[in-house]
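Here the sequence shown is numbered in the working numbering, starting from 4 and rising by one per residue.
Don't be surprised by glycine CBs; every beta carbon is placed ideally from N, CA and C.
Keep in mind that this is a model prediction, so the values were computed, not measured.
Below is one structure, written out as structure tokens, with a few remarks after it.
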Amino acid sequence: MENLTGGTPPVRYLPCVVPCKLYFSNDETPWYNANDFLLAIRENIKQGKYVVADYVIPSVYLKSMSDLYADMKYDDVVNLARTSLEHVDNTDGRIIYETRYLLCSALAKLKSGDFLTEVRALDYDDRTFLLAFYYRQIGKNDRALKYLNELLDKRGDMSKAKREKVLVLKNLQQFEEATVLAKENYYLYSDNPYHIQAYFDCLINTYYKEPKDELLYELLEKLARIQSEKAQSMYARCNSLYTAYVGQDFDGALTQITQACMDFPRDKKYALVVKFDIAQFFNRIDIMEETIKELETEGSNNNTVVICKSKLLAKQNKVDDAIRFFSTNIHYFTEESKQNFCEKLQARTI
């Protein structure tokens, strides 16, 4: 390939991606078709190798970032997205937009302040959704709920916003309200592991009111059939809760959740919350205390620790202390959520 002056321009490389051109440099190459070629590019991008710039296909680059995001490699997503956005000549506008969306999603997961700058480039609906997503990540659930309600008032059928609202309501300990929405989401998208897990969790947290053993089993079986790592991590946590609540087996449940902590270390903070819930269900104050220390060591969200300590105090028959501790130390709860949680502490229905 020659430039306008008749010389041959130097080969340009983009970071984070092997010169796939070499695959076609001789007749004995094993790469015979386009699918193999595209797959090779994608895998090399994900592995942080190098690809000749001429072969960096924007849609493949985007797919690689999506794969990395699914694998929870958020720093890699940010690095690839920033690199990709530096080379947008002749790139379709939609691919550029989706790259920015993934960049913002990864920054939100990393709780990076850069998120608030980057998200301005997105349109209203996506910006509002991701602001809610970001504020949930950093524990500001009252702000997250505000953005979600604003968005759902405009687009009541937005599935991901409804799913996000369930997670925010769960964080605010408003399980009754969350259950209604989680049920709706599940029956609309019954094969989505996030909807299955959210509905399961809501049913567990309202179990004292209305046990639904058969439905819990149905949800658990559906989750077991989904083979992604994330779904299997969810299954491990849900299975231990099922063993505790339905099977009434403390030792079995504790063994299962301990194994889940080891099998899925990136989700350990979530598994520890389940461990605490199991200990609380069986009135095992020693395990509750132990798990709070583990949550603190893992750097869990402040509100998570405050909620667990409040539940521990209530379980120790120190209800007034529990209410006072919660009211003083909880942050970014709505007034309604604070009142509801304190009432549950008083009634010991948590």
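Residue i in three-state terms, based on DSSP
i      : result
Asn188 : helix
Asn195 : coil
Ser162 : helix
Pro214 : coil
Thr94  : coil
Leu88  : helix
Met68  : helix
Glu301 : coil
Met75  : coil
Ser340 : helix
Tyr202 : helix
Asp289 : helix
Gln283 : helix
Arg351 : coil
Gln140 : helix
Val20  : Only weak support exists for where Val20 lies, its pLDDT of 38 falling under 50; the coordinates are left without a value.
Leu106 : helix
Lys173 : helix
Phe40  : In this prediction, Phe40 scores a pLDDT of 44, lower than 50, which makes its location untrustworthy; no coordinate-derived value is stated.
Ser115 : coil
Leu131 : It should be noted that the sequence gives Thr, not Leu, for residue 131. Correct three-state label for Thr131: helix.
Asp145 : helix
Asp323 : helix
Ile99  : helix
Leu125 : coil
Tyr335 : coil
Glu346 : helix
Tyr58  : In this prediction, Tyr58 has a pLDDT of 46, which is less than 50 and means its spatial position is unreliable; what the coordinates show is noted afterwards. Tyr58 falls in the helix class under three-state DSSP.
Thr209 : coil
Contacting residues, own chain, Cβ-Cβ under 8 Å from residue i (five flanking each side not counted)
i      : result
Lys165 : Leu155, Leu184, Glu187, Asn188
Glu121 : Arg103, Leu106, Cys107, Leu110
Met291 : Phe279, Ala282, Gln283, Cys311, Lys314, Leu315, Lys318
Ile260 : Ala239, Arg240, Ser243, Ala274, Val277, Lys278, Ile281
Ile65  : For clarity, residue 65 is Leu in the given sequence; the question names Ile instead. Result list for Leu65: Ser87, Ile98, Glu101, Thr102, Leu105, in chain order.
Val322 : Leu316, Leu348, Gln349, Arg351
C-beta contact flag for residue i and residue j at 8 Å
i      : j      : result
Ile295 : Leu244 : no
Thr307 : Val276 : yes
Ala305 : Gly142 : Going by the sequence as given, residue 305 is Asn instead of Ala. Contact flag set, yes.
Val249 : Asp216 : yes
Leu191 : Leu206 : no
Leu88  : Asp79  : no
Leu348 : Ala325 : yes
Glu179 : Thr209 : yes
Thr352 : Tyr211 : yes
Phe136 : Glu167 : yes
Presumed contact (8 Å Cβ cut-off) between residue i and residue j, rounded CB distance
i      : j      : result
Phe279 : Val309 : About 13 Å separates the two Cβ atoms, so there is no contact after all.
Arg361 : Tyr138 : The question about residue 361 has no answer, for the chain in this structure spans 4 to 353.
Ala256 : Ala247 : 4 Å
Asn195 : Leu223 : Actually they do not touch by this definition, with Cβ atoms about 15 Å apart.
Val171 : Leu148 : 5 Å
Ser231 : Phe267 : Contact flag wrong, Cβ pair sits at about 12 Å.
Lys163 : Phe132 : 7 Å
Arg158 : Asp128 : 7 Å
Asn144 : Tyr335 : 5 Å
Lys173 : Gln140 : Not really, about 14 Å apart at Cβ, beyond 8 Å.
Ala201 : Val169 : 5 Å
Contacting residues, own chain, Cβ-Cβ under 6 Å from residue i (five flanking each side not counted)
i      : result
Arg383 : Absent from the structure is residue 383, since the part of the chain shown begins at 4 and ends at 353.
Ser303 : Lys272
His198 : Asn188, Tyr189, Tyr192
Gln176 : Phe344
Phe253 : Phe285
Thr337 : Asp145
Cβ neighbours of residue i in the same chain (closer than 7 Å, five flanking residues each side left out)
i      : result
Met75  : Arg269
Ala234 : Pro196, Leu226
Thr331 : none
Asp160 : none
Lys114 : Gln140, Ile141
Tyr77  : Ala109, Lys112, Leu113
Suppose only complete runs of 3+ residues qualify. What are the beta strand (DSSP E) ranges in the region 227-280, listed by chain order? Uninterrupted beta strand (DSSP E) stretches at least 3 residues long and entirely within the region 227-280 do not occur.
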